[in-house]
Structures are given as C-alpha cells and as structure tokens.
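Engineer: Numbers in this note's numbering are just positions in the sequence shown, counted from 1, shifted up by 125. By construction, the Cβ of each residue, glycine as well, lies at the ideal position given by its N, Cα and C atoms. Since the model is a prediction, treat every value here as computed from it, not as a measurement. Attaching a single structure in structure tokens format; questions to follow.
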Amino acid sequence: MDAIGQNEAPEQNEAASEAGPFVIVVGNEKGGAGKTTVSMHLIAALLNAGKRVGAIDLDIRQRSLSNYIDHRRLWVGQRDISMPEQIVLEPPRGQTIVERQREEADSFVNALGQLRTRNDFVVIDCPGADSYFARLGHAAADMLITPMNESFVDFDLLAKVDPETLNIVSPSIYAEKVWSCRKARAQADGGSIDWVVMRNRTSHIHAKNRQRLESALTELSKRLGFREVPGFSERVVYREMYPAGLTLLDLTDDETGPGLTMSHVAARAELAAMLAALQLPGLHVEPVDKSA
Ligand SMILES: Nc1ncnc2c1ncn2[C@@H]1O[C@H](COP(=O)(O)OP(=O)(O)O)[C@@H](O)[C@H]1O
Ligand SMILES: [Mg+2]
C-alpha cells in the first residue's frame, strides 16, 4: 500500500464501521480546545447511565485520556464508580511511513473490534494535530464531536473567513479531512458521520462578538454539514477532578466528598443539556434543574 497523504481518508476496509456499538470520536486539529475534557465527561455520563463504554486514546504523545482513566482506576473499590474498558495503543515502530501506517491501522482496527464486542459505546479521543491514528479514528465515527473555544481564532479550525464581512472564504484543512472521511465511510458501509460542533469554555464574551460568532457558525454549519449542540462554560469543576480520575458526576453530597456546589449543579445541567442534544441511541437523558 502507498502511504496515505494528509487529508486523505484511510483505506475503506480499515475505516469501515460494522454494525454494533455507537462510536463517538472527539476531534479537531487544535490543542487545548477541550477534546479530552469532553471525552472524559462523556465517558462518565454514559457509565452513569449504566452503559458499557470502551475508550481509545489516539493522542499517544500526551496520553491525557489514558492518564485520566489510570487515575480513575485507583478509586475503584473505594468509591462506587464504574470504569470504561480502555485499550492502550502503542506508538508504531516501523522504519517507513507505509510500515508505520500499517501497524497503526492494525492496532486501531484490532482495538476497536475488541471494544465493539463488549460495549454499548466507544469513545475515541483524538490528538490536536493531524496523524494517521487520528484519521483512522475519524473514519470510524458514527458521531464526531468537535469542541471549539468561543473565538474567531478557533473558528479557523473549521473555515477561513473574510475578516471584514465574516463571509466564509473556504473550508479549513480539518473540514476537508472530515469531508473525505465522510465520503470513505459512505463508500465503505453506507454509513454516515453525524458531525457535531460544541462551544467550550464559554464565558462573559462581549455580546456583540458572540452574536457575530453565532451567525457565522450557523452559516458554516449549513455549508459544512454539522449541527451545533450546547457546550460547557468556563468552570473550574471541569478540570479540578482530572488528577483523581473523577468528574463532577462522581461527586456525592456526603461526608466522603467535597460536596456539591452551585457550580457543580450548573455544570451537571450543562452536561445533561449537551447529552440530550446529542441524541445518542438508547440514551434517555433526564433534564437537570439548574435552580435546584
Ligand atoms: N469548560 C472548561 N472549563 C474550564 N477548563 C477547561 C474547560 N474545558 C477544558 N478546560 C481545561 O483546558 C485545558 C485543555 O483542555 P483539554 O480537554 O485537555 O483540551 P484538548 O484535549 O483539546 O487538548 C485543560 O487544562 C482543561 O482542564
Ligand atoms: Mg487532549
């Protein structure tokens, strides 16, 4: 096989998704946008709902999701928490690009195949840059969740816009990659990738800026074929439990934990709103009353 170039989807048989559990890929090509944070909260929420969850960390350099799951494992037995089934992928050792891509494809397909047999959902966290692992992940997605920060800097990861008019000039390299993975997926098994964009770390941005960003994003969603779901605000609770391998869903309001603050309750409501909007198969989401 020839090495696969940038933006090209992997070979169809490598990317093909057979019927089975629902595969959620969290990806974009920007570090720090919130992929790992979204992945771990999604995993915790699905586990909380009684689902069996498989996890793959395709960011084999930073390994943030793997570290989070390792931290979480330390609590099993001490707390009533459930674990995802994780398969850790090793960096390829081959001498040539073709050899390395072949190794990556084999280990990814093998890991996904195993997780599929035992889980209802598989959550795949991607690195913040293009890699062959990331492309394999994208091409296997039933749903692709792209977190972005609420700024025009992050808008660049989806499209180039005219700085004056905010008209869309062209899709970004990342949007083209998603397009090619969608095409490969359709050819491989007739399946489609539901592309979802969520804004992360929303805060007290100037109302006029927000309006401009919102209308540009709505326009872009039609052009690129994604839908928007409500995301997370900027809150310490989304990061404070990472070292313990926990999320705000694992906190209990008793003497063993720090207790639920207003911010925890509001964050749970945000997470529930995002889950409801994702419309995941077989998942009923109870709305959370923010004022409770
Ligand atoms: N909604 C949020 N509120 C507060 N901090 C956040 C939020 N989302 C992400 N972060 C923090 O931002 C940093 C980058 O997030 P991360 O999920 O690691 O991004 P990525 O995986 O896309 O590189 C981390 O320190 C994380 O704890
Ligand atoms: Mg990450």
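Check whether the stretch 312-322 and the stretch 346-357 touch, using three or more Cβ-Cβ pairs below 8 Å as the test.
Structural biologist: Taking 8 Å as the limit for Cβ pairs, the verdict is that the stretch 346-357 does touch the stretch 312-322.
Engineer: Hey, out of Ala158, Leu396, Val294, Ala300, whose CA is closest to Gly356's CA?
Structural biologist: Ranking the options by Cα distance to Gly356, first place goes to Leu396.
Engineer: Leaving aside the five residues before and after Glu380 along the sequence, list all residues of the same chain whose C-beta is less than 8 Å from its C-beta, in chain order.
Structural biologist: Low per-residue confidence applies at Glu380: pLDDT is 49, beneath 50, and the placement is therefore not dependable enough to give any value.
Engineer: Could you please give me the residues that DSSP links to Leu269 through a beta bridge?
Structural biologist: In DSSP, Leu269 forms a bridge with Val150, Trp320.
Engineer: Cα separation between Gly152 and Cys306?
Structural biologist: Whole-angstrom Cα-Cα distance: 13 Å.
Engineer: Determine the direct distance from the alpha carbon of Leu183 to that of Leu408, and round the result to whole angstroms.
Structural biologist: Taking the straight line joining both Cα atoms gives about 25 Å.
Engineer: In the DSSP output, which residue or residues are listed as bridge partners for Gly179?
Structural biologist: DSSP, once it has assigned bridges, lists Glu210, Val247 as partnering Gly179.
Engineer: Is Lys155 helix, strand or coil by DSSP?
Structural biologist: Coil, per DSSP.
Engineer: Check whether the Cβ of Leu214 lies closer than 8 Å to any heavy atom of ligand 2, and answer yes or no.
Structural biologist: No - ligand 2 has no heavy atom lying nearer than 8 Å to the Cβ of Leu214.
Engineer: Work out the CA separation of Val178 and Leu216 for me, nearest whole Å.
Structural biologist: One detail in the question is off: residue 216 reads as Pro in this sequence, not Leu. Going from the Cα of Pro216 to the Cα of Val178 covers about 23 Å.
Engineer: Let's see if you can read the secondary structure: which residues bound the alpha helix (DSSP H) around Ala309?
Structural biologist: Its alpha helix (DSSP H) spans residues 298-314.
Engineer: In the DSSP output, which residue or residues are listed as bridge partners for Val354?
Structural biologist: Partner(s): Met323.
Engineer: For Ser295, does the three-state DSSP call read helix, strand or coil?
Structural biologist: In this structure, Ser295 counts as strand in the three-state DSSP scheme.
Engineer: Which residue's Cα is closest to the Cα of Asn192: Leu400, Met165, Thr290?
Structural biologist: The candidate whose alpha carbon is nearest that of Asn192 is Met165.
Engineer: Pull up the distance between the alpha-carbon of Lys302 and that of Ala309, whole angstroms please.
Structural biologist: Those two C-alpha atoms are separated by around 11 Å.
Engineer: Mapping DSSP to helix, strand and coil, what is Met399?
Structural biologist: Met399 falls in the helix class under three-state DSSP.
Engineer: Give me, in chain order, the residues of the same chain whose beta-carbon lies closer than 6 Å to that of Gln211; leave out the 5 immediate sequence neighbours on both sides.
Structural biologist: For Gln211, where only same-chain residues beyond five positions count, the Cβ hits under 6 Å are Ala180, Ile194.
Engineer: Which same chain residues end up closer than 7 Å to Ala341 when comparing Cβ atoms and leaving out the 5 residues on each side of it in sequence?
Structural biologist: Phe280, Val286, Leu291, listed in sequence order.
Engineer: Please state whether DSSP places Val410 in a helix, a strand or coil.
Structural biologist: Residue state, collapsed to three classes: coil.
Engineer: What did DSSP end up calling Arg204 once you bin it into helix, strand or coil?
Structural biologist: In the structure shown, Arg204 sits in a strand (DSSP, three-state: E or B).
Engineer: Report all residues from its chain with a CB closer than 7 Å to the CB of Leu479; omit the five preceding and five following residues, and keep chain order.
Structural biologist: Only positions 126 to 417 of the chain appear in this structure, which leaves residue 479 out of reach.
Engineer: With contact counted as at least three CB pairs below 8 Å, one residue from each stretch, are the stretch 221-240 and the stretch 195-206 in contact?
Structural biologist: No, because fewer than three Cβ pairs between the stretch 221-240 and the stretch 195-206 fall closer than 8 Å, the two stretches do not touch.
Engineer: Work out the CA separation of Arg218 and Tyr367 for me, nearest whole Å.
Structural biologist: Approximately 30 Å between the Cα atoms of the pair.
Engineer: Please state whether DSSP places Ala254 in a helix, a strand or coil.
Structural biologist: Coil at Ala254, not helix or strand.
Engineer: Report the three-state DSSP secondary structure of Ala284 (helix, strand or coil).
Structural biologist: Strand at Ala284.
Engineer: For Val247 and Leu237, which I take to be in contact (beta-carbon distance under 8 Å), what is that distance rounded to the nearest angstrom?
Structural biologist: Correct: roughly 7 Å between the Cβ atoms.
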